[in-house]
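Working notes, beginning with the structure itself.
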Amino acid sequence: YEGIGGFPIGTQEDVLSLISGGFDSGVSSYMLMRRGCRVHYCFFNLGGAAHEIGVRQVAHYLWNRFGSSHRVRFVAINFEPVVGEILEKIDDGQMGVILKRMMVRAASKVAERYGVQALVTGEALGQVSSQTLTNLRLIDNVSDTLILRPLISYDKEHIINLARQIGTEDFARTMPEYCGVISKSPTVKAVKSKIEAEEEKFDFSILDKVVEEANNVDIREIAQQTEQEVVEVETVNGFGPNDVILDIRSIDEQ
Numbered sequence: 298y299e300g301i302g303g304f305p306i307g308t309q310e311d312v313l314s315l316i317s318g319g320f321d322s323g324v325s326s327y328m329l330m331r332r333g334c335r336v337h338y339c340f341f342n343l344g345g346a347a348h349e350i351g352v353r354q355v356a357h358y359l360w361n362r363f364g365s366s367h368r369v370r371f372v373a374i375n376f377e378p379v380v381g382e383i384l385e386k387i388d389d390g391q392m393g394v395i396l397k398r399m400m401v402r403a404a405s406k407v408a409e410r411y412g413v414q415a416l417v418t419g420e421a422l423g424q425v426s427s428q429t430l431t432n433l434r435l436i437d438n439v440s441d442t443l444i445l446r447p448l449i450s451y452d453k454e455h456i457i458n459l460a461r462q463i464g465t466e467d468f469a470r471t472m473p474e475y476c477g478v479i480s481k482s483p484t485v486k487a488v489k490s491k492i493e494a495e496e497e498k499f500d501f502s503i504l505d506k507v508v509e510e511a512n513n514v515d516i517r518e519i520a521q522q523t524e525q526e527v528v529e530v531e532t533v534n535g536f537g538p539n540d541v542i543l544d545i546r547s548i549d550e551q
């Protein structure tokens, strides 16, 4: 039997993976585990309880299959208040980059709290509007924490093939991607001065509050917790004049 290669878990320092449950974040987490890092998980919840349960299952699967020799954390941050503030106050074209900057700020605070040396993301160059070199540089600028991007030169097909090999493909195919629906016309080449001007409108006490209230769970407890039924999704019978509807279905579901 051929093993996964790399280094034993724990021979390198700890990292914090920004996990969404999709193809990219699962594969990037695996790649750092393969290099000997103990990978903790930071999840930004944009889709309620059902979304969090799905992502917990992905994180637990990765840990159980590739890293169960070491205890790790699963940190969940309710990012809905942050998204609400962005939607209310930030120019549409700048929303995507600013959302990612807020995520990096929050994750860096979590990493500092637990003595973690680096963040890990599943970003790949040019894959979406926020992942151009210009935008990635602006995202990096908000934190001194090292950001590792093991998939930076990979195309989507290669990433999906890796997800299939490690067993996360089925999880990822059913996981909605929420970040991409925040902006109708995202910029691919953000300007630092414009981004900073937009962020002056943002109430950073909201970001501080959601980080302070983050839920930290021992990964070993997730199996028991996710066996409970998913809470019933809240429904409404009508819409108000200021309500915004986001269609997060995949093309096949529409």
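Counting from 298, one number per residue, gives the positions in the sequence shown under our numbering. Cβ atoms here follow ideal geometry from the backbone N, Cα and C, with glycine treated the same way.
- Remark: C-beta atoms of A460 and H357 do not approach each other more closely than 9 angstroms.
- Y338 sits buried, since 16 or more C-beta atoms from the chains shown fall within 10 Å of its C-beta.
- Note on the region 302 to 352: whole alpha helix (DSSP H) runs with a minimum of 4 residues are 320 to 331, in chain order.
- Taking C-beta atoms as the reference points, L422 and T431 fail to come closer than 9 angstroms.
- Relative to V380, the option among I516, N534, F501 whose CA is nearest is F501.
- Per DSSP, the beta-bridge partners of N375 are N342.
- Excluding its 5 nearest sequence neighbours in each direction, W360 has C-beta neighbours in its own chain below 7 angstroms: V369, I516, listed in chain order.
- Within the same chain, G351, V352, V355, M472 come within 6 angstroms of G318 by CB-CB distance, once the 5 residues on both sides are set aside.
- Going by C-alpha positions, P538 is about 39 angstroms away from S314.
- Within the region 369 to 423, complete alpha helix (DSSP H) segments of at least 4 residues are found at 377 to 386, 392 to 411, given in chain order.
- By the neighbour-count criterion, in which a residue is buried when 16 or more other Cβ atoms sit within 10 angstroms of its Cβ, I301 is exposed.
- L445 carries a strand assignment under DSSP once its states are collapsed to helix, strand and coil.
- Restricting attention to Y327, I306, D311, E310, the CA atom closest to the CA of Q462 is found in Y327.
- A direct Cα-Cα distance of roughly 11 angstroms separates L329 from G307.
- Burial is judged here by how many other beta carbons sit within 10 angstroms of a residue's own beta carbon; R335 has at least 16 and is buried.
- Taking a 10 Å sphere around the C-beta of K397, we find 16 or more other C-beta atoms and assign the residue as buried.
- V514 places its beta carbon less than 9 angstroms from that of F371.
- For R332, the closest C-alpha among the options D321, D311, N342 is that of D311.
- Counted as a single uninterrupted DSSP element, the alpha helix (DSSP H) harbouring N432 occupies residues 430 to 437.
- A direct Cα-Cα distance of roughly 42 angstroms separates H367 from D389.
- Counting the other CB atoms within 10 Å of its CB gives R410 a total below 16, which places it among the exposed residues.
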